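**Q** Sharing a structure here in structure tokens format.
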């Protein structure tokens, strides 16, 4: 669009919401007017943004009566279920961070480095994928394009910030030895690994695992890719790490994989094991790239590959990806 | 043997060594005389054991001149390389916890629930497998026997106690925010996941990963099983967790897998996801079983299975397994 857009940030006071603000500032996202919205509980709070102070508005059915072009939603599935269609019906394009609309065939699910073209067919809602899926997609896309992907096995090492303030609080309390009731988890997370993210489904997989499987198909646009996942919460505050085992369709030279990732969009190659260089959660925290390393042939299968993929789950896994979607959206939005 | 054996514990003052003492006491391991040995640095230290106090002897070339039947070694590869053959040459059977002899074709590598028969052909040294391998073997053996195993993909979540006191210290210092130099790791472990255990080898795998691959073949007695591994240190003090993806040879019913593990030696089945029951590092710590849960079909391949396996790496992963070997050994040793 040729004018500056009017923006709304819905759920502006949560962990992801506050990172939305930070990333919007950093990337100097253009806007004419910006509105911050949240539940009644958080309404009235004051938020500093780009040197000014904004008062958080209560999100209501009338919030989108004013002219808004893009709304960044990060307020949970229930809020998105109710308010995203209202916003869309009033001409707003919603970029939604919840899982509510991701698998809706009418809603594009987008990682800008992977399937930016899907933004164009949006009908008012664009879904931001699950955090653990996003970073995997940035890693898998160049492999898919060059070699084709037959099968993927994910094992994840996910940070507590993915559970919002409650997850962070559970880990902090645990590490400090405080005997506080758990807020986010069924079991203590300090000193523990919980193979349990989101709720369990009937087939024994968690919803998080099913998200990784289903969203991989949708984003890569190929339901024939075989995918399985084990998702695990680890006592780490920021950044998800992933052990990804991949079976490619075509043969490869391992040097070509290094070269491919060196030049892949959104990727930083960190693989110099002689000097102990490989992706690390602590290093990724607060940054936007997807870090890839520990690249090596899996000798247990034809065309097998093991990689280790790390990204900040709140930035590339949520806020940054959503804002990148909004940036792409600006190119296709009409005035 | 019909009389009580004479026992030596070599490396009695380390993390594993002190657990040797605890487990020997708990299991009321029979002995006539017991000797505790360590490097010159630790010699002279006093160790309480079964209500008595023992003085740690310095390990020398003459340490095995006295009549000793079984020596439990946990003093590092260098010490085992030098002293295990000396002990063996004097009629001692060494149960060695280091990686020094594991892949030697003249040395059995034993998990008592899996391949106790290999104890019989020992020539004076029996190797205790790598911690992360042991628990995986206890889980894989019943599957191998009933269905055959085609391929295994390990992703591990390993505790710092596997690096001894230095690893524990690195995590403690990190969690307490102390700016101490790292002793065990190339990078901070607090709040981090390190895809780096033991040194890197030329093919890009770590030694730990190659141990899991090679030891799986040797213990299961089948070099045709395809295996790959990604081994990761996590900020957990005790117990290794493992995400294991398995491709079986024959078809299975998922209920039969539950039944199989319910009755498998050394296994505790913990799989009731509706009630948030699954294996956890904190629960396994200080206990001897291998806990298996998150059992579910991997729909991405024929006869595919995902499981989550947790055990105390210092107990079943080291001391307990070694002492179980010694217990089996007593049955076959001649007077």
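Residue numbers (our numbering), protein chains in the order written: chain A, 98 to 432; chain B, 98 to 432. All C-beta atoms, glycine included, are put in the ideal place defined by N, C-alpha and C. Here the structure is a predicted model, which means the values were calculated and not measured.
1) Between the stretch 233-250 of chain B and chain A, which residues of the former have a C-beta closer than 8 Å to a C-beta of the latter?
2) Quick check for students: name the residue ranges of the beta strand (DSSP E) that lie wholly in the stretch 335-368 of chain A, counting only runs of 3 or more.
3) Taking the straight line between their C-alpha atoms, what separation do you get for residue 396(B) and residue 201(A)?
4) Is there a C-beta anywhere in chain A that falls below 8 Å from the one on residue 180(B)?
5) Within 10 Å of its beta-carbon, does residue 315(B) have 16 or more other beta-carbons around it, so buried, or fewer, so exposed?
6) Apart from the five residues on each side of it in sequence, which residues of its chain come closer than 6 Å, Cβ to Cβ, to residue 368(A)?
7) Would DSSP call residue 131(A) helix, strand or coil?
8) Candidates 204(B), 220(B), 238(B): which alpha carbon is nearest residue 210(B)'s?
9) Residues in the same chain with beta-carbon distance under 6 Å from residue 168(B), minus the five sequence neighbours each way, listed in chain order, please.
10) May I ask you to verify whether the stretch 223-242 of chain B touches the stretch 411-423 of chain B, counting CB pairs closer than 8 Å and requiring at least 3?
11) Terminal residues of the continuous alpha helix (DSSP H) containing residue 150(B)?
12) May I ask which residues mark the beginning and end of the alpha helix (DSSP H) holding residue 302(B)?
13) Counting only runs that start and end within the stretch 193-245 of chain A, where is the beta strand (DSSP E) found for 3 or more residues in a row?
14) Check distances from the C-beta atoms of the stretch 315-341 of chain A to those of chain B and list, in chain order, the residues that come in under 8 Å.
15) So, is residue 100(B) buried or exposed, given that buried needs 16 or more other C-beta atoms within 10 angstroms?
16) Determine the DSSP secondary structure at residue 298(A), reduced to helix, strand or coil.
17) With distances taken Cα to Cα, identify the nearest neighbour of residue 364(B) among 312(B), 407(B), 325(B).
18) Please name the residue in 176(A), 224(A), 214(A), 248(A) whose C-alpha comes closest to that of residue 341(A).
19) Measuring alpha carbon to alpha carbon, tell me which of 259(A), 277(A), 164(A) ends up nearest residue 195(A).
20) Going by DSSP, name the residue or residues bridged to residue 407(B).
21) Give me, in chain order, the residues of the same chain whose beta-carbon lies closer than 6 Å to that of residue 125(A); leave out the 5 immediate sequence neighbours on both sides.
22) Taking only the alpha-carbon atoms, compute the straight-line gap between residue 329(B) and residue 252(B) and give it to the nearest angstrom.
23) Determine, using beta-carbon pairs with one atom in the stretch 381-389 of chain B and one in the stretch 277-290 of chain B, whether at least three such pairs fall under 8 Å.
24) Quick one: give me the first and last residue of the beta strand (DSSP E) that residue 169(A) is part of.
25) Just the chain A side, please: which residues come within less than 8 Å of residue 401(B) by C-beta, in chain order?
26) Measure the alpha-carbon distance for residue 423(A) versus residue 152(A) and round it to whole angstroms.
27) Is residue 430(B) closer than 8 Å to residue 267(B) when the C-beta atoms are compared?
28) What does DSSP give as the partner residues of residue 117(B) in its beta bridges?
29) Using a beta-carbon distance below 8 Å, is residue 377(B) in contact with chain A?
30) Beta carbon of residue 198(A), beta carbon of residue 204(A): below 8 Å?
31) Report the option in 398(B), 173(B), 181(B) whose CA atom is closest to the CA atom of residue 158(B).
**A** By the coordinates alone:
1) Cβ contacts with chain A come from 248, 249, 250.
2) 337-345, 364-366
3) 22 Å
4) Contacts with chain A at 8 Å (Cβ-Cβ) do not include residue 180(B).
5) buried
6) 390, 392
7) If DSSP states are grouped into helix, strand and coil, residue 131(A) belongs with the strands.
8) The residue among 204(B), 220(B), 238(B) with its C-alpha nearest the C-alpha of residue 210(B) is 238(B).
9) Within the same chain, and ignoring the five residues on either side of residue 168(B) in sequence, the residues whose Cβ sits closer than 6 Å to its Cβ are 105, 107, 184, 189, 191.
10) yes
11) From DSSP, residue 150(B) is part of no alpha helix (DSSP H) but of the beta strand (DSSP E) over 149-152.
12) Unbroken run through residue 302(B): none, as it is neither H nor E.
13) 222-224
14) 323, 324, 325, 327, 329, 331, 332, 333, 334, 335, 338, 340
15) exposed
16) coil
17) 407(B)
18) 248(A)
19) From the listed residues 259(A), 277(A), 164(A), the smallest Cα separation to residue 195(A) is found for 259(A).
20) DSSP output for residue 407(B) lists 338(B), 388(B) as bridge partner(s).
21) Beyond the five residues adjoining it in sequence on each side, residue 125(A) comes within less than 6 Å, by CB distance, of no other residue in the same chain.
22) 7 Å
23) Contact fails: fewer than three Cβ-Cβ distances are below 8 Å.
24) 167-170 is the span of the beta strand (DSSP E), which, as asked, contains residue 169(A).
25) 325
26) Across the structure, residue 423(A) and residue 152(A) are spaced so that their CA atoms are roughly 23 Å apart.
27) no
28) Answer is none; residue 117(B) lacks a bridge partner.
29) yes
30) yes
31) 181(B)
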